[in-house]
Amino acid sequence: MMEPFRRFMSPGNHLITEKNVIRMRNAIFVPVLLLIALSGCNDRTTPNDPAVQPSQTTGIAQPAGTEKGSGGDKDSQTGTDSEPRVDLFGVALRAAKAGDLDKAEATIRKRILEAPDDALSVELYGDIAQRQNRAAFAAKMFERAFQMQTQPTETLMTKAAMQLVRAGRAYDALEMIERWIESHPDSIQPRMDLVGLAAMIGMVDHSIPAMQFLLQHINLSEVDMLQALARPRRIEPDQTFCERQLNINPDELRPQYALALREAQRGKWDEAAARLPAVIKKHPEFTPAHALLGRLLVDLGRFDELSQWQANCPRSMQQSDQYWWVAGRWAQHQGNHPAAVKAFVNALNFDPYGQPISLQPMLQSLQIMQQERESQLVAGQIRDYERLYNAIHLFLERESKSQDAAFQIADALMRLGRLWEAEAWARGSAQLPNDLVSNGQKRYTAIRQRLNRATPWRLPETQIVHRINCEGLPDIDWKLESQPTRLAAYQPPRRIHFTDVAQELGLSHTSRLNAKALAKGQSIDMTLGSGAGIADFDLDGWADLIAANLDGDPMQENSSGKRLFRNVGGSFQDLGDSTRLRDRGYSQGIAVGDINCDGFPDILTCNIGRNRLFQNNGDGTFTDVSDRLPASTEPWSTSAVICDMNGDAIPDIYIGAYCAGKAPFQRVCKSNDTVVTCTPLIFDAALDTFLQGQSDGPYIDQSNQWVNQESPGRALGVIAGFIDERPGLDLFIANDMSANHLWSPTATSNTSDSKAFQLEDLGVIRGVGVSGQSRAQASMGVAMGDADSDGDLDLYVTHFSKDYNTFYEQVAPGLWSDNTYGLGLVQPTSELLGFGTEFVDFDNNGSMELVVANGHVHDIKEEGFEQAMLPQLFLRQADGRWSEADGAQVGDYFTKKHVGRALLTCDLNRDGKKDLLITSLFSPHSLLINDTPDAGQSISVQLVATKSERDAIGAVVAGSFNGMTNAAQLVAGEGFLGSQQRQIILGAGDHDEAQGLTVTWPSGWVENFGDLPTGQEYVLIEGSGEAFSVAK
409 MMEPFRRFMS PGNHLITEKN VIRMRNAIFV PVLLLIALSG CNDRTTPNDP AVQPSQTTGI
469 AQPAGTEKGS GGDKDSQTGT DSEPRVDLFG VALRAAKAGD LDKAEATIRK RILEAPDDAL
529 SVELYGDIAQ RQNRAAFAAK MFERAFQMQT QPTETLMTKA AMQLVRAGRA YDALEMIERW
589 IESHPDSIQP RMDLVGLAAM IGMVDHSIPA MQFLLQHINL SEVDMLQALA RPRRIEPDQT
649 FCERQLNINP DELRPQYALA LREAQRGKWD EAAARLPAVI KKHPEFTPAH ALLGRLLVDL
709 GRFDELSQWQ ANCPRSMQQS DQYWWVAGRW AQHQGNHPAA VKAFVNALNF DPYGQPISLQ
769 PMLQSLQIMQ QERESQLVAG QIRDYERLYN AIHLFLERES KSQDAAFQIA DALMRLGRLW
829 EAEAWARGSA QLPNDLVSNG QKRYTAIRQR LNRATPWRLP ETQIVHRINC EGLPDIDWKL
889 ESQPTRLAAY QPPRRIHFTD VAQELGLSHT SRLNAKALAK GQSIDMTLGS GAGIADFDLD
949 GWADLIAANL DGDPMQENSS GKRLFRNVGG SFQDLGDSTR LRDRGYSQGI AVGDINCDGF
1009 PDILTCNIGR NRLFQNNGDG TFTDVSDRLP ASTEPWSTSA VICDMNGDAI PDIYIGAYCA
1069 GKAPFQRVCK SNDTVVTCTP LIFDAALDTF LQGQSDGPYI DQSNQWVNQE SPGRALGVIA
1129 GFIDERPGLD LFIANDMSAN HLWSPTATSN TSDSKAFQLE DLGVIRGVGV SGQSRAQASM
1189 GVAMGDADSD GDLDLYVTHF SKDYNTFYEQ VAPGLWSDNT YGLGLVQPTS ELLGFGTEFV
1249 DFDNNGSMEL VVANGHVHDI KEEGFEQAML PQLFLRQADG RWSEADGAQV GDYFTKKHVG
1309 RALLTCDLNR DGKKDLLITS LFSPHSLLIN DTPDAGQSIS VQLVATKSER DAIGAVVAGS
1369 FNGMTNAAQL VAGEGFLGSQ QRQIILGAGD HDEAQGLTVT WPSGWVENFG DLPTGQEYVL
1429 IEGSGEAFSV AK
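For the sequence shown, the residue numbers in this note's numbering are 409 to 1440.
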């Protein structure tokens, strides 16, 4: 028999999706009567079945105040003075109890013809039909009996709800239960039934008042219910139950809505949208279907259909928060941001449960309107929700046994003014055995003392809707207006192709793991793999490679050393120990940059243990200058970047950190006695390191002065460049299981005084901290580029499986919006686990392609985890959406599964086309030479800054090719555990000259280098005014 409650889906959580979904299917309520109806069992009920028990205690409906077996009204019992009448009710009752259902039915029909207003006879007819397994007719009789009574009994209403469900009318059953609650406002059982049924059919909003009542009146603190209250719209409808309802009653199409909702929750937007028109046509007043269709049209980018959608909506839709969310998104699409803000405020007004669906887009419109005060209010609320959701993720990952995590949830709810839920979490924490807090009773008492029966579910002063002034803001105009195209620079993709030539060219390297440890299973420290770096270390014009190993033990110096492969005319030589790169640490990422501005690239290796810094001597050897680095407070470093953060022309260093302390290397996590990767959420997040460079001497740790790491992440990917519209170099940090950071210099930063320089985190307020659903994701790698050819920078962040990789489109200077659904990038990525990724113009036609390296962290096939995965190449289409290229046409590498990790771009054979280096676990790294046969012309540029940091990080190169403008920014960090070749290649299509090639240097100076022929490499030196051609 099917359980009556519900599945949660939690994308972005390591192992959470399978493990916790199974656990949460356990019923948090056990509806005594409705459970039988929800089971859908087709066995005939027996006389002793509690499901057919009547309003009284006899087993079949009978009138109150009569002896068992008697029935009907006075006339039916006594008849007239001249002729006693047959007791038809009593005869029918006795026949039913004896099992003679045919006689019982015939007799009760006569009784109803005789006394059509006798509600008890109608109810008895329903009981008989129920015993005959005629659910549809029984439901009609119970509904009729209910309508005939001014005070219907709870048992009658229970039977009506049960038979409605069995008749395939679950939505009518839900309405019946709601009427039951109205007529018996103090009853507990119908609320329990309502919660279970509403969750199964996608009507969870209807169950929230019931859950609130149960929490407030009977002190329920069941974990599943508390999670449902915290995130009700994450509850997934029950597919099997809804399909059974459709089979029972094909004319009732509302279960199709629930199936569409389930598909939408899983990112199958097109399939979901296809189900809904038939539902709306059959049930035009069913507002949830209208609301879902509107959301889908927005997320699919089908804005031209929204005017008609709005015209078809019933008037009651204007009481729906989702209607106003759609209205707000429509207004944004039309460029009417004041109307959008007003619509989003309406959405919050009609959403008393505090769901943040409207917060992120409202923040975007407020930012565009330059409403700073209101923007800060909304951003603060988004951060509060992010704290709540992170705490819930933490609680789940710690197997719902962590007292500390429960109190973190309570604290987050307190910030949101949701005291009743906070009290329940704090009270329930007393039963949790792990991560005990020392002051739990004191913290609980502090919450409890703020509660009384008059306390509202949410404190009004915490609701920002009351603090945003909508006076004078316009209403929504639903008239469709044409929008200017954003794709004027679109160029159709050419036939892109790659060939893996790593072994052929002498690049033979595998990121080896500790075989002895691996035999026990993959622990968390093994899963990221090791990174790589690409740079011309000997300045001979050919890009060389450095690769790392992690085949020893964390915190130890017993791994194999780093390997530097010299590129000699397009083939590679392993230089071995001659380079003096003597680092045997347990490696993660590699950063390359010129720390002393002498023109020779230097190397920083990130380890689990001591990090190492090597200065290039210019003669093929390196000197270990690690003593210039301050002692690290965190043992686990991941990605790093060398760049000038404070604008003093001296390179600084950012080092990202993952999980804090030594616990990640000591704790063993298992699944069916197999060692598996622990989820990072069971460990505290580590603090990142910000090091200020000096012209000589050691680096200064400015981590406490430059940034406020109140909300640390678990850093994996990093990009440094001029990302937002404000002056100064920015850092984007892709954090695993917590909000991404966008560190941007404050407006008051003084570059001449290091103590005054500060970075502030704008990730959430600028739209790149969390997803469009205001949810932190498990971010891995990051790509940045002008992906839609509109002249600004977009971001693409890879995530864990069962979630989607996120496309952040820049919609205004320094503002981004999650447009992943509208661009068609949800479904192709939601089942994969992405790591390295890049926007690259592989065919040199002036438009970007998108490439992703995939690979899981688990390899437990019996539990559905296959570690090796296919890589992906996405091509932009004329309508702005992206489609996945056929791997067979792209090259053999894209037809085979790999455990992909870092992905780096380079031009290793100097043919003017971008190649790829992709690192893997368990197999050799791949060097994919770009041999696209009909690629366009290009210009290759290396930059040397003189008025700012020599590496010129953040410089923008732009050229015009017969009217086609192409531009690119030189960035550092480049995504995930690696460092790419410091080179810009501008695709020129079929044109043979760049007109007016310009460089906007980090110093702010714009320099024109004139018209340059394509098909060549150039060195551009700031202030020289001349492009120096490099011989190949």
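Positions of the beta carbon are idealized from the N, C-alpha and C atoms, including for glycine.
This one's a predicted model, so the numbers in the text were calculated from it and none came from an experiment.
Out of Leu-1124, Ala-1039, Pro-1043, which one is the CA nearest neighbour of Pro-1106?
Ala-1039
Comparing C-alpha positions only, which one of Ile-1061, Asp-1144, Pro-692 sits nearest to Leu-1137?
Across the set Ile-1061, Asp-1144, Pro-692, the C-alpha of Ile-1061 shows the shortest separation from the C-alpha of Leu-1137.
Out of curiosity, what's the CA-to-CA distance linking Glu-1274 and Leu-1240?
10 Å
Look at the Cβ atom of Ser-1368, then the Cβ atom of Gln-1403, and state whether they are nearer than 8 Å.
yes
I need the straight-line Cα distance from Cys-562 to Gly-788, nearest angstrom please.
According to the sequence provided, residue 562 is Glu. The question's Cys does not apply to it. Between Glu-562 and Gly-788, the C-alpha separation is close to 46 Å.
Assign Tyr-1008 to one of three DSSP states: helix, strand, or coil.
A small fix is needed here, since residue 1008 is Phe in this sequence, not Tyr. Phe-1008 falls in the coil class under three-state DSSP.
Output yes or no for whether 8 Å exceeds the beta carbon distance between Thr-1228 and Val-1234.
yes
Cβ contact (3+ pairs, closer than 8 Å) linking the stretch 1357-1373 and the stretch 1054-1069:
Of all C-beta pairs linking the stretch 1357-1373 to the stretch 1054-1069, three or more are shorter than 8 Å, placing the two stretches in contact.
Here's a check: name, in chain order, each residue in its chain whose Cβ is nearer than 6 Å to the Cβ of Ala-523, leaving out the five neighbours to either side.
none
How would you call Val-460, buried or exposed, if buried means at least 16 neighbouring beta carbons within 10 angstroms?
Low per-residue confidence applies at Val-460: pLDDT is 35, beneath 50, and the placement is therefore not dependable, though the value from the model is reported in the following sentence. Label assigned to Val-460: buried.
Quick one: does Gly-1055 have its CB under 8 Å from some CB of chain B?
No chain B appears in this structure, which consists of one protein chain only.
In this structure, how does DSSP classify Ala-1293 when only helix, strand and coil are distinguished?
Ala-1293 falls in the coil class under three-state DSSP.
Any heavy atom of the ligand SAH inside 7 Å of the beta-carbon of Asp-1144?
Only the bare structure without any ligand can be found here, which leaves the ligand SAH out of the picture.
Hey, Lys-970 and Asp-1002: beta-carbon distance below 8 Å or not?
Result no, Cβ atoms of Lys-970 and Asp-1002 do not sit closer than 8 Å.
Nearest residue (CA-CA) to Arg-861, options Arg-806, Ile-855, Gln-647, Gln-624:
Gln-624
Using 8 Å as the threshold, is the stretch 982-989 in touch with the stretch 960-968, meaning 3 or more CB pairs across them?
Contact fails: fewer than three Cβ-Cβ distances are below 8 Å.
Considering Arg-683, what are the terminal residues of the alpha helix (DSSP H) in which it resides?
Counting along the chain, the alpha helix (DSSP H) containing Arg-683 begins and ends at 677-690.
Which residues share a DSSP beta bridge with Asn-1374?
Gly-1367
If you draw a straight line from the C-alpha of Leu-1008 to the C-alpha of Asp-952, how long is it?
The sequence given here places Phe at residue 1008; Leu does not occur at that position. Phe-1008 and Asp-952: Cα-Cα distance of roughly 12 Å.
Mapping the DSSP letters down to three states, classify Phe-1250 as helix, strand or coil.
In the three-state DSSP reduction, Phe-1250 falls in the coil class, being neither helix nor strand.
Hey, which unbroken runs of the beta strand (DSSP E) at 3 residues or more fall wholly within the stretch 1018-1045?
1020-1024, 1030-1032
Identified DSSP bridge partners for Pro-1153
Leu-1167
Sorted by chain position, which residues of the same chain lie with C-beta nearer than 7 Å to Asp-707's C-beta, five sequence neighbours on each side aside?
Trp-677, Tyr-1229, Gly-1230
Rounded to whole angstroms, what is the Cα-Cα separation between Ala-838 and Gln-779?
44 Å
Output the distance between the C-alpha atoms of Ala-999 and Ala-682, rounded to the nearest integer angstrom.
48 Å
Short check: CB of Arg-1390 to CB of Ala-955, under 8 Å?
At least 8 Å separates the beta-carbon of Arg-1390 from that of Ala-955.
Cβ distance (whole Å) where Thr-1237 is taken to contact Gly-1189 below 8 Å:
Actually they are not in contact, since the Cβ atoms of Thr-1237 and Gly-1189 sit about 12 Å apart, beyond 8 Å.
Under the assumption that Gly-736 contacts Met-770 (Cβ atoms under 8 Å), give the Cβ distance between them as a whole number of angstroms.
7 Å
If you run the structure through DSSP and keep just helix, strand and coil, what is Asp-885?
coil
Considering only their Cβ atoms, is the gap separating Leu-1351 from Leu-913 smaller than 8 Å?
no
Can you grab the Cα-Cα spacing for the pair Phe-1247 / Leu-1258, in whole Å?
5 Å
Go to Lys-924, then tell me how far its beta strand (DSSP E) extends in each direction, as first and last residue.
Bounds of any beta strand (DSSP E) do not take in Lys-924; it lies within the alpha helix (DSSP H) bounded by 923-926.
Reduced DSSP secondary structure (H/G/I, E/B, other) of Lys-505
helix
Do His-745 and Ile-790 have their C-beta atoms closer together than 8 Å?
no
According to DSSP, is Glu-562 helix, strand or coil?
helix
Name the residue from Leu-1405, Ser-1411, Lys-1440, Leu-700 whose alpha carbon lies nearest to the alpha carbon of Glu-1434.
Leu-1405
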